[in-house]
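S.K.:
Number of protein chains: 2
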Amino acid sequence: MEIKLEQAVQILERTPGVLNQLVSGLPDGWVMTNEGPETWSPYDIVGHLLQGEESDWIPRAKIILEHGEGRAFEPFDRFAQFEKSKGKTLAELLDRFALLRQRSLEELKELRLTDDLLQKRGLHPDLGTVTLGQLIATWTVHDLSHISQMTRVMCKQYGAAVGPWKEYLPVLTR
Amino acid sequence: MEIKLEQAVQILERTPGVLNQLVSGLPDGWVMTNEGPETWSPYDIVGHLLQGEESDWIPRAKIILEHGEGRAFEPFDRFAQFEKSKGKTLAELLDRFALLRQRSLEELKELRLTDDLLQKRGLHPDLGTVTLGQLIATWTVHDLSHISQMTRVMCKQYGAAVGPWKEYLPVLTR
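Sequence lines, in order, name chains D and Y.
Quick note: the first sequence uses the numbering used here, first residue 3, plus one each step.
Quick note: the second sequence uses the numbering used here, first residue 3, plus one each step.
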């Protein structure tokens, strides 16, 4: 599909609810366990999404609108959540994510992006020229991909418990 | 983790709500599109989960409890949804899945499975000896893996729209 702002928002506005339905209130065995060394637990993933809300998507959209290709984005720290989430419960992270996402979508609406503005170019510090539309599409795919990752991580907690059925569950060896 | 019935149920009871949050009410571009030939759309996946609820999980649990390894399960038709979903809207499939899942969990409760009973053996037509606990763990992983698949399929609808960010999104080439 081509990006249409309305279609992207249909996904972005659902993510807090999806995350809540998936992991809110679950015990640590489901939410604090990862896939092995240097991988992320559902708790880490929520912290990462929160970080994106604070310093990635809307701030970058504004840089494109204000500076075009004249100013590169700040690099995004993919590991900031390990420090920032410290001492916070999953419930706190989920609530804060829901709040910040709501604010992001309000800000997005206020930007009054037209199809023409979605073509406007900005400068990614590593990837080079990107458009505002590509940024919004990436925001959307980023949400969905981390829900996909989170459910895969949860599958792996039962990787041994499924016994011979492992053969039919490619998710367990991905 | 070892399978604990209570932990498995914590996931199984959430799935209808997760699916609703994810795809209920979305336009066809998000829910009727797949990943290419012989792959499944979100709509197909919901139909498949519904089929599992009708003929796989609880029926197989009962066969293990009643017949042990003396009677193999009926083979499960992984493609039955293509015929069975015909003419039904996604909303109808989601509602029916929620209803059948609720019934399945009531039946599961009525089976009063103990840790000892979870060790009871049954016969899978292809995989051979399996236990009731492995069946319940597989049911749980099956739910989560199809949520993971569904969100991956949705990501791919914006595979081109993300432009250069594709490089950072391994989900798009999986």
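The beta carbon of each residue, even a glycine, is placed where N, CA and C say it ideally should be.
In this text the structure is predicted, and so the values were computed from the model without any measurement.
Which chain D residues are close to tyrosine 160(Y), counting only those with a beta carbon under 7 Å from its beta carbon?
M.R.: Near tyrosine 160(Y) (Cβ distances below 7 Å), the residues of chain D are Met3, Ile5, Ala139, Thr142, Val143.
S.K.: Check the Cβ-Cβ distances between tryptophan 167(Y) and every residue of chain D, and say whether any is below 8 Å.
M.R.: Closer than 8 Å to some Cβ of chain D, the Cβ of tryptophan 167(Y) qualifies, so yes.
S.K.: Please report the Cβ distance between cysteine 157(Y) and valine 173(Y), rounded to the nearest whole angstrom; I am assuming they are in contact, meaning their Cβ atoms lie under 8 Å.
M.R.: That belief holds up - the Cβ atoms of cysteine 157(Y) and valine 173(Y) are roughly 5 Å apart, short of 8 Å.
S.K.: For the pair the stretch 117-132 of chain Y and the stretch 75-92 of chain Y, tell me if three or more CB-CB distances fall below 8 Å.
M.R.: Yes: the two stretches touch, three or more of their Cβ pairs being nearer than 8 Å.
S.K.: Going by the CB atoms, is the gap between tryptophan 167(Y) and glutamine 121(D) shorter than 8 Å?
M.R.: Contact flag unset, no.
S.K.: Can you check whether the C-beta of leucine 129(Y) is within less than 8 Å of a C-beta belonging to chain D?
M.R.: At least one chain D Cβ lies under 8 Å of leucine 129(Y).
S.K.: Quick one: Cα of tyrosine 2(Y) to Cα of alanine 63(Y), how far?
M.R.: Residue 2(Y) cannot be examined here, being either before or after the span of chain Y that is shown, 3 to 176.
S.K.: Please specify which runs of the beta strand (DSSP E), each continuous and at least 3 residues long, are wholly inside the stretch 72-160 of chain Y, giving them in chain order.
M.R.: Correct list: 123-126, 130-133.
S.K.: Which value, in whole angstroms, describes the spacing of the CA atoms of serine 26(D) and proline 127(D)?
M.R.: For serine 26(D) and proline 127(D), the distance between alpha carbons rounds to 35 Å.
S.K.: Measure the C-alpha to C-alpha separation of lysine 111(Y) and serine 87(D) and round it to an integer number of angstroms.
M.R.: Taking the straight line joining both Cα atoms gives about 37 Å.
S.K.: For methionine 34(D) and chain B, any beta-carbon pair shorter than 8 Å?
M.R.: Note that chain B does not occur in the displayed structure, where the protein chains are D and Y.
S.K.: Is isoleucine 5(Y) closer than 8 Å to isoleucine 138(Y) when the C-beta atoms are compared?
M.R.: Result yes, Cβ atoms of isoleucine 138(Y) and isoleucine 5(Y) sit closer than 8 Å.
S.K.: Might you give, ordered along the chain, the residues of its own chain that have their beta carbon closer than 6 Å to the beta carbon of alanine 10(D), omitting 5 neighbours on each side?
M.R.: Cβ neighbours of alanine 10(D) beyond the five flanking positions: Ile138, Thr142.
S.K.: Looking at leucine 146(Y): is its Cβ nearer than 8 Å to the Cβ of threonine 41(D)?
M.R.: Not closer than 8 Å, so no.
S.K.: So with Cβ pairs under 8 Å, would you call alanine 63(D) a contact of chain Y?
M.R.: It does not; no Cβ of chain Y falls within 8 Å.
S.K.: For glutamine 23(D) versus glutamine 151(Y), is the C-beta distance shorter than 8 Å?
M.R.: The answer is no: Cβ separation not under 8 Å.
S.K.: At which residue ranges does the stretch 6-58 of chain D contain complete alpha helix (DSSP H) runs of 4 or more residues, listed in the order of the chain?
M.R.: Fully enclosed alpha helix (DSSP H) runs of 4 or longer: 7-14, 17-25, 30-33, 44-57.
S.K.: Please return the same chain residues whose Cβ sits closer than 6 Å to the Cβ of leucine 7(D), not counting the five positions on each side in sequence.
M.R.: Cβ neighbours of leucine 7(D) beyond the five flanking positions: Leu115.
S.K.: Could you tell me whether any Cβ in chain D is nearer than 8 Å to the Cβ of arginine 103(Y)?
M.R.: It does not; no Cβ of chain D falls within 8 Å.
S.K.: Which same chain residues end up closer than 7 Å to isoleucine 60(Y) when comparing Cβ atoms and leaving out the 5 residues on each side of it in sequence?
M.R.: These residues qualify, in order along the chain: Ser106, Glu109, Leu110.
S.K.: Apart from the five residues on each side of it in sequence, which residues of its chain come closer than 7 Å, Cβ to Cβ, to arginine 98(D)?
M.R.: The answer, listed in chain order, is Leu52.
S.K.: By a C-beta neighbour count over all protein chains shown, 10 Å radius and 16 as the cutoff for buried, is glycine 54(D) buried or exposed?
M.R.: Under this definition glycine 54(D) is a buried residue.
S.K.: My guess is that glycine 31(Y) and methionine 3(D) are in contact by the Cβ rule of under 8 Å, so how many angstroms apart are they, rounded?
M.R.: Glycine 31(Y) to methionine 3(D), Cβ: 5 Å. Contact.
S.K.: Nearest CA to the CA of alanine 82(D): which residue from Ile47(D), Arg123(D), Arg103(D)?
M.R.: With distances taken between Cα atoms, alanine 82(D) lies closest to Ile47(D).
S.K.: Quick one, are the C-beta atoms of serine 43(Y) and valine 155(Y) less than 8 Å apart?
M.R.: Closer than 8 Å, so yes.
S.K.: Suppose contacts are defined by Cβ-Cβ distances below 8 Å. Is leucine 102(Y) in contact with glutamate 56(Y) by that definition?
M.R.: Yes, Cβ-Cβ distance for leucine 102(Y) and glutamate 56(Y) is below 8 Å.
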